[in-house]
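J.: Each residue of the sequence shown is one higher than the one before, counting from 1 in UniProt numbering.
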Amino acid sequence: MPDTTPSNSPADAAAPDTLTPEAGGAPVVIVGGGPAGLMAAEVLAAAGLPVALYDAMPSVGRKFLLAGKGGLNLTHSEAKPQFAGRYGAQAPAVDGWLDTFSPQALRDWAQALGVDTFVGSSGRVFPTEMKAAPLLRAWLHRLRQSGVRFHMRHRWVPASLAPVNGVHTLEFDHPAGRSTVQARGVLLALGGGSWARLGSDGAWVAPLQAAGLDVAPLQAANCGFDAVWSPHLREKHAGAALKNVALCVADLDGAELFRRKGECVLTEGGLEGSLVYAASACIRDQIAARGPVTVHLDLLPDQPLDAVTQAIARGRGARSLANHLREQLSLSGVKAGLLREGVDAPTWSRHSGDAAWLAGRIKALPVTLTAPRPMDEAISTAGGVRLGALDAQLQVQAWPGVAVAGEMLDWEAPTGGYLLSACFASAVVAARGLAARLAGAPAEA
């Protein structure tokens, strides 16, 4: 991957002077330089605390920059009840975070950095320039101006963070060896387990579990799924977009769990894309509970079954079935290819002239998904530090003076701005709570 680091990103701080005490005494240490870690640094520095941020990568915000290649979907403009509902089982908790730092507050924050935003036709919110680098560059400049110190290429050695006499001791491996750092408070923002090459590798899970922190196993979220395609379909249509289709997922009793219209992509090994990502939590959990799951695709969601049946039943004369479907229903390409998938030759020969049978497949095409794609390919992950191990301000109950924020918390959300919004909002909540604890004052909800 080409290096997309902004030109004014923090310098590599792996030099021997990394052991020098921070100005103002023991700092608040943030581990992780993604959006949650950077936002926490801003809040803590604004509270007058010395802040030192450590990250294993050569520069901060690498996954943030990658997200910016698609336009940097910062948040979403929908009403708060619907917005909060996107977080599934953790909606009540995330709703509280959004009370502290709302989607509008996020837009205002970006504007204060000189980055205007706009609402797209889908309701998603983007920077006007559709880039992450200008925002990150301005943000890092402001953080440095506020006194935040950055230590790059420093990989935390996860261990218990229980304080001794109010002091936390952390160890970091870096190119010059291993350093021991003392902190007055700690905020962990290590991310999930996807895109390990950008820094989120989930390597912290097992050590923190062993240290006594309650952590739910990480799972792929916003991910594609494996399916077994015929060689013909793979060779002819792998990489093709399935546009304007509807995806339906049901449980074993036939109760509908998910139905939405959108688009996805047929890959060599299955399905991926925005529509599949939206249903990924539901599909993943169904596979975990009962093995391979058959979902259904409506290839013509804007046309009722009766109309599709009537169109197919019109006489086609000497035309081939493929040409007939193309002329009557504009059905061709990958959609037409899927119609034959999974049907043996005798069955196809017996039923392909039956308009009702064909219409039924077009309106509810069965596709069996066998497994989620590997976690490192996912856009995000579910699982992480369970909220029950934390108080309302995201402070670790067993380790006073330690807070957790961002994707390493146990929540998930679909794409569309919801991921970044919750990362930012959780960081504000956690950092304010930590600042209040260090000041000896009650934390604000």
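For glycine and all other residues, C-beta sits at the position ideal for the given N, C-alpha and C.
Just reading off the alpha helix (DSSP H) that F424 is part of, what are its end residues?
T.: Counting along the chain, the alpha helix (DSSP H) containing F424 begins and ends at Y418 to A439.
J.: Sorted by chain position, which residues of the same chain lie with C-beta nearer than 8 Å to A45's C-beta, five sequence neighbours on each side aside?
T.: So the list reads V51, L143, S146, G147 and V148, once near-sequence residues are dropped.
J.: Measure from the alpha carbon of A398 to the alpha carbon of each residue in V265, G262, V343 and L213, then state which is nearest.
T.: The candidate whose alpha carbon is nearest that of A398 is L213.
J.: For G114, tell me which candidate among D95, L135, D99 and M130 has the shortest Cα-Cα distance.
T.: Answer by Cα proximity: L135.
J.: Can you tell me the Cα-Cα spacing of H174 and H154, whole angstroms?
T.: Taking the straight line joining both Cα atoms gives about 5 Å.
J.: Taking the alpha carbon of E235 as the reference point, which residue from V215, R432, L252 and E268 has its own alpha carbon closest?
T.: Among V215, R432, L252 and E268, the Cα nearest to that of E235 is on E268.
J.: Entirely within the region 21–68 and at least 4 residues each: give me those alpha helix (DSSP H) ranges in chain order.
T.: Listed in chain order, the complete alpha helix (DSSP H) runs (minimum 4 residues) inside the region 21–68 are 35–46 and 62–68.
J.: Comparing C-alpha positions only, which one of Q209, A203 and G416 sits nearest to S274?
T.: Out of Q209, A203 and G416, G416 has the C-alpha closest to the C-alpha of S274.
J.: Taking V228 as the reference, give the member of R259, T294, G25 and G202 with the closest Cα.
T.: Nearest C-alpha to V228: T294.
J.: I'd like the list of long-range same chain contacts for T180, defined as Cβ closer than 7 Å, with 5 residues on each side in sequence excluded.
T.: Hits under 7 Å: T169 and E171.
J.: Mind pulling the alpha helix (DSSP H) runs of 4 or more residues that sit fully within the region 319–344?
T.: Listed in chain order, the complete alpha helix (DSSP H) runs (minimum 4 residues) inside the region 319–344 are 321–329 and 333–340.
J.: Give the range of the alpha helix (DSSP H) segment to which R137 is assigned.
T.: Note, R137: alpha helix (DSSP H), A133 to Q145.
J.: Since S160 and N222 should fall inside the 8 Å C-beta cutoff, what is the C-beta to C-beta distance between them, to a whole number of angstroms?
T.: With a Cβ gap of about 32 Å, S160 and N222 do not count as contacting.
J.: So is G48 in contact with chain E if we call contact Cβ pairs under 8 Å?
T.: Absent from the structure: chain E. Only one protein chain is present.
J.: What does DSSP give as the partner residues of E380 in its beta bridges?
T.: In the sequence as displayed, the identity of residue 380 is Ser instead of Glu. In DSSP, S380 forms a bridge with A221.
J.: Tell me whether K80 is buried or exposed, calling it buried when 16 or more other Cβ atoms sit within 10 Å of its Cβ.
T.: That one is exposed.
J.: With distance defined between alpha-carbon atoms, name the residue in M152, S230, L419 and D201 nearest to L218.
T.: Of M152, S230, L419 and D201, the residue nearest in Cα terms is D201.
J.: Let me know if Q393 comes out buried or exposed under the rule of 16 or more other beta-carbons within 10 Å of its beta-carbon.
T.: Q393 is buried by the Cβ-count criterion.
J.: Provide the residue span of the alpha helix (DSSP H) that contains V276, from first to last.
T.: Run containing V276: S274 to A278, per the alpha helix (DSSP H) assignment.
J.: Quick check on the DSSP output: the alpha helix (DSSP H) that includes H237 runs from which residue to which?
T.: It spans P231 to H237 - the alpha helix (DSSP H) in which H237 sits, taken as one unbroken run.
J.: Starting from D298 and walking both ways along the beta strand (DSSP E), at which residues does that stretch end?
T.: Looking at the DSSP string, the run of the beta strand (DSSP E) that includes D298 is V293 to D298.
J.: Mind reading off the beta-carbon distance from G48 to G401? Whole number of angstroms is fine, and I expect it under 8 Å.
T.: G48 to G401, Cβ: 17 Å. No contact.
J.: Alpha carbons only, please: which of D354, Q286 and T128 is nearest the one belonging to A255?
T.: Nearest C-alpha to A255: Q286.
J.: Going by other Cβ atoms of all chains shown within 10 Å of its Cβ, with 16 needed for buried, is A132 buried or exposed?
T.: It counts as buried.
J.: Does the beta-carbon of P21 have 16 or more other beta-carbons within 10 angstroms, so that it is buried, or is it exposed?
T.: Only weak support is given to the placement of P21: the predicted model assigns it a pLDDT of 43, under 50, and the value that follows is read from those uncertain coordinates. Looking at its Cβ environment, which holds fewer than 16 other Cβ atoms inside 10 Å, P21 is exposed.
J.: Which whole-angstrom value describes the C-beta separation of L190 and M57, a residue pair presumed to lie in contact below a C-beta threshold of 8 Å?
T.: Wrong, their Cβ atoms sit about 12 Å apart, outside the cutoff.
J.: Could you give the DSSP three-state label for H351: helix, strand or coil?
T.: The answer is helix: DSSP assigns H351 an H, G or I state.
J.: Would you list the residues sitting across from W156 in a DSSP beta bridge?
T.: Bridge partners of W156: F172.
J.: Buried or exposed for A425, please, with buried defined as at least 16 other CB atoms from any protein chain shown within 10 angstroms of its CB.
T.: Result: buried.
J.: With A110 and L140 assumed to form a contact (beta carbons below 8 Å), what rounded beta-carbon distance in angstroms separates them?
T.: That belief does not hold up - the Cβ atoms of A110 and L140 are roughly 14 Å apart, past 8 Å.
J.: How long is the line joining the alpha carbons of A210 and G192, rounded to whole angstroms?
T.: Approximately 18 Å, taken between the alpha carbons.
J.: Excluding the five sequence neighbours on either side, which residues of its own chain have a C-beta within less than 7 Å of the C-beta of S230, listed in chain order?
T.: So the qualifying residues of the chain are E341.
J.: Alpha carbons only, please: which of P163, Q104, K335 and R437 is nearest the one belonging to Y418?
T.: When only C-alpha atoms are compared, the closest one is Q104.
J.: Consult DSSP for L187 and reduce its assignment to one of helix, strand or coil.
T.: Of the three classes helix, strand and coil, the one that applies to L187 here is strand, per DSSP.
J.: Give the single residue among S77, G37 and G71 whose Cα lies nearest to the Cα of S59.
T.: The shortest Cα separation from S59 among S77, G37 and G71 belongs to G37.
J.: My guess is that V428 and M39 are in contact by the Cβ rule of under 8 Å, so how many angstroms apart are they, rounded?
T.: Contact flag correct, Cβ pair sits at about 6 Å.
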